[in-house]
Structures are given as C-alpha cells and as structure tokens.
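Q:
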Amino acid sequence: MSFFYEHLSDKENFFLLTEFDNCWVNSHFHKSYEFVYVERGRCEIFANDKSAVIEDGDMFCVPSYCIHYLKSVGDTKILTMVFAESYFDDFVKDYGKDFFAPILNDKARNAEIFSFMKDFRTQYGDSGGDKYLRRKIFIDSFLSMLLQYYDVAPVTVSKRSQNLCDILVYIDTHFAEKLDLKTLAEKFNYNQKYFSAYFNKYVGVNITSYINTIRFNNAKFLLDNTDMSVSDVAASCGFDSLATFYRIMKKYSDK
1 MSFFYEHLSD
11 KENFFLLTEF
21 DNCWVNSHFH
31 KSYEFVYVER
41 GRCEIFANDK
51 SAVIEDGDMF
61 CVPSYCIHYL
71 KSVGDTKILT
81 MVFAESYFDD
91 FVKDYGKDFF
101 APILNDKARN
111 AEIFSFMKDF
121 RTQYGDSGGD
131 KYLRRKIFID
141 SFLSMLLQYY
151 DVAPVTVSKR
161 SQNLCDILVY
171 IDTHFAEKLD
181 LKTLAEKFNY
191 NQKYFSAYFN
201 KYVGVNITSY
211 INTIRFNNAK
221 FLLDNTDMSV
231 SDVAASCGFD
241 SLATFYRIMK
251 KYSDK
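Residue 1 is where the sequence shown starts when you use my numbering, and the numbers rise one by one after that.
(1) Taking the DSSP output, what are the residues bridged to Asp98?
(2) Below 6 Å CB to CB, which residues in the same chain sit around Ser9 once its five sequence neighbours on both sides are set aside?
(3) Tell me the residue span of the beta strand (DSSP E) that contains Thr18.
(4) Is the beta carbon of Phe114 sitting closer than 7 Å to the one on Tyr37?
(5) Taking buried to mean at least 16 other C-beta atoms within 10 Å of its own C-beta, is Glu34 buried or exposed?
(6) State the beta-bridge partners of Ala52 as determined by DSSP.
(7) Report yes if the C-beta distance between Ile207 and Leu242 is below 7 Å; otherwise report no.
(8) Tell me whether the beta-carbon of Ala47 lies closer than 7 Å to the beta-carbon of Val25.
(9) Using only alpha-carbon positions, find the residue among Gly128, Val203, Thr244 that is nearest to Ala219.
(10) Drop a sphere of 10 angstroms on the beta-carbon of Phe221, count the other beta-carbons inside from all chains shown, and report buried for 16 or more, exposed for fewer.
(11) Asn225: buried (16+ other C-beta within 10 angstroms of its C-beta) or exposed?
(12) Whose C-alpha, out of Thr80, Phe60, Phe88, Lys193, is nearest the C-alpha of Ser141?
(13) Is it true that the CB of Ile139 sits closer than 7 Å to the CB of Ile103?
(14) Kindly examine the ligand FMN and report whether one of its heavy atoms sits closer than 6 Å to the Cβ of Met228.
(15) Whose C-beta lies closer than 6 Å to the C-beta of Met228 among residues of the same chain, with five residues either side of it excluded?
(16) From Asp56 to Glu39, what distance separates their C-alpha atoms?
(17) Could you tell me the boundaries of the beta strand (DSSP E) in which Tyr246 lies?
(18) Give the range of the alpha helix (DSSP H) segment to which Tyr132 is assigned.
(19) Following the continuous beta strand (DSSP E) through Val73, name the residue where it begins and the one where it ends.
(20) Kindly indicate which three-state DSSP category Leu104 falls into: helix, strand or coil?
(21) For Gly41, which of Asp75, Tyr69, Phe175 has the nearest alpha-carbon?
(22) Taking the continuous alpha helix (DSSP H) assigned at Val230, which residues delimit it?
Right under this line is the structure:
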C-alpha cells in the first residue's frame, strides 16, 4: 500500500468544511483530524489497517496520523471536515489518545450532527469565517454532540504504519537540510538497501523522488506567495544549487 503525507492540511489553525461529489482520495495521513458524513451513495474507506463500506447517513472518523483513504462507489456526495490539532486540545485534555470508532452508523443521530455542520457552513463558508474562536467553539460543540451519542476508545496503530508516518513527518520537517537515503537509513536504524526497498514498497516512490516532491511543493508555495528571490527559495527548500532547483522545478511542473 502506497500513501503520502498530506502536509497542506497541517497549516496552523487549518479548517475546512466542504462538500465533494464522487470523491476519490488515495491513501494518506496528516496531523489534522477528519470527519466525513455521507450525504448520498456509498464509499469504500480504509483506516486502522481495515477497509469497509459506508453509506448514506454514516460518518467516517479519522484521528491524527491515521493512514486512510476514501473512494466513492458510484454516485456519491460527502460533507468533509478537516481541522488542525490546535482545535482538538480540550478533547485531548479529557480523553488523551482515545478517539471515536472509524465508522459511526447511528443514522438518526448523525443526521442531527450533519444538520449542525451544514448550518455552520452555510453561514460561514468552507473556511469557517475569519475568527479562530468561532471555529473553535463550533468544533467543541461538534465534538460534544458526538460524545453524547458515541463512546471513545484507545486508538491502535500498527508498528509499520507508525514507523512510516515517523519517516515521512521527519522528511517533511527536515526537507531543507541535507537529506538522502544514507541520512535517513542511519536516522531510523535501517540498512540502506533494506530501507530503500521498504520505502519504495509502502510509499510507492523512491526516497529521492519523494524528497524532491516535498521540496518542489514548498518552493512553489514560496514563489507564489512571497517576495523571496529564486536563490533564497532554492536555499530554503534544500536545493544544493540553482541548476538543481531549475531542473527539479521543470521536471515536476511538467507532471
């Protein structure tokens, strides 16, 4: 199974509440928390190393760092909410690492929760408006509603999944530094040959390609959203020369 770290949803105070038709999201993980309500149709989901099918009125709950996917089965419509760890701090104070089951299927109660989510989106849009406190109060109320109806339990994550998450988080955090197969293998106490095969098998690309993708995404963001010079962007994203920077930017821009 290949997957990727969806780091864009892990920006500070990130919040998204939006609808999708016929959604198809490959295996990934993020530090953020995610809740999906199926408005119409059926979806195949994967979480905690298990797959299942959910349908109209079901909810899919994804804790932080959980490898998961969601794939529409036929014509579907879902309401998805993703929010950063910062909104979850009060829940963690009371419940630690406990979380809801991946599938919540009390349709009557879910319909009430869905209506609450829908009303907030109608009033404040996909981003929940410009006030952090308003979004925080909404999320606290949403979690309180869930806790009225559903229990929480310890989350079990396989050792392999946790190891891979740790590796990808390290890459995402240290991509601006000297980073290659040798460095990562030593960091995580692997033989280089084994580590290369292990990464390739479960992430789906080789280590160099993955690192370059992360550097490309961050460089593109800086070029599009800041006034930094090209040389400064290249240096801050871990490229060892402008020639390498231009080569990688061209290669990944053409994909």
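C-beta: ideal position from N, C-alpha, C; glycine also.
All figures in this text were calculated on a predicted structure; none of them were measured in a lab.
A: The short version:
(1) Mapped onto the sequence shown, residue 98 falls at position 98. Under DSSP, Asp98 shares a beta bridge with Pro154.
(2) The residue labelled residue 9 in the question sits at position 9 within the sequence shown. Shown here for Ser9: same chain residues with a beta carbon closer than 6 Å to its own, the five before and five after excluded, namely His30, Ser32, Val82 in chain order.
(3) One-based indexing of the sequence shown puts residue 18 at position 18. 15-21 is the span of the beta strand (DSSP E), which, as asked, contains Thr18.
(4) In the sequence shown, counting from the first residue as 1, residue 114 sits at position 114. In the sequence shown, counting from the first residue as 1, residue 37 sits at position 37. Cβ distance < 7 Å, so Phe114 and Tyr37 count as in contact.
(5) As a working mapping, residue 34 is identified with position 34 in the sequence shown. Buried, by the Cβ-count rule.
(6) Here residue 52 refers to the residue found at position 52 when the sequence shown is read from its first residue. For Ala52, which the question treats as bridged, DSSP gives the partners Ile45.
(7) Taking the sequence shown and counting its residues from 1, one reaches residue 207 at position 207. Taking the sequence shown and counting its residues from 1, one reaches residue 242 at position 242. For Ile207 and Leu242, no; Cβs fall outside 7 Å.
(8) If you number the sequence shown from 1, residue 47 lands on position 47. If you number the sequence shown from 1, residue 25 lands on position 25. At the C-beta level, Ala47 and Val25 stay beyond 7 Å of one another.
(9) The count along the sequence shown starts at 1 and reaches residue 219 at position 219. Ranking the options by Cα distance to Ala219, first place goes to Thr244.
(10) As a working mapping, residue 221 is identified with position 221 in the sequence shown. Here Phe221 is exposed, its C-beta having fewer than 16 other C-beta atoms within 10 Å.
(11) Locating residue 225 in the sequence shown gives position 225, where the first residue counts as 1. Looking at its Cβ environment, which holds fewer than 16 other Cβ atoms inside 10 Å, Asn225 is exposed.
(12) For the purposes of this step, residue 141 is taken as the residue at position 141 of the sequence shown. Measuring from the Cα of Ser141, the nearest candidate turns out to be Phe88.
(13) For this step, residue 103 is matched to residue 103 along the sequence shown. For this step, residue 139 is matched to residue 139 along the sequence shown. Cβ distance not < 7 Å, so Ile103 and Ile139 don't count as in contact.
(14) The ligand FMN is absent from the structure shown, which contains no ligand whatsoever.
(15) For the purposes of this step, residue 228 is taken as residue 228 along the sequence shown, with counting starting at 1. Same-chain partners within the cutoff: Leu222.
(16) Taking the first residue of the sequence shown as 1, we reach residue 56 at position 56. Taking the first residue of the sequence shown as 1, we reach residue 39 at position 39. Rounded to whole angstroms, Asp56 to Glu39 spans 5 Å at the Cα level.
(17) Taking the sequence shown and counting its residues from 1, the one referred to as residue 246 is at position 246. That residue, Tyr246, is in no beta strand (DSSP E); its alpha helix (DSSP H) goes 242-253.
(18) Stepping through the sequence shown from its first residue, residue 132 is reached at position 132. Element bounds for Tyr132: 132-149.
(19) What you label residue 73 is simply residue 73 of the sequence shown in a count that begins at 1. Membership of Val73 in the beta strand (DSSP E) is indicated by the continuous run 68-83.
(20) Counted from its first residue, the sequence shown places residue 104 at position 104. In the three-state scheme derived from DSSP, where H, G and I count as helix and E and B as strand, Leu104 is classed as strand.
(21) Indexing the sequence shown from 1 puts residue 41 at position 41. Asp75 is the residue among Asp75, Tyr69, Phe175 whose C-alpha sits nearest the C-alpha of Gly41.
(22) Taking the sequence shown and counting its residues from 1, one reaches residue 230 at position 230. For Val230, the enclosing alpha helix (DSSP H) covers residues 230-236.
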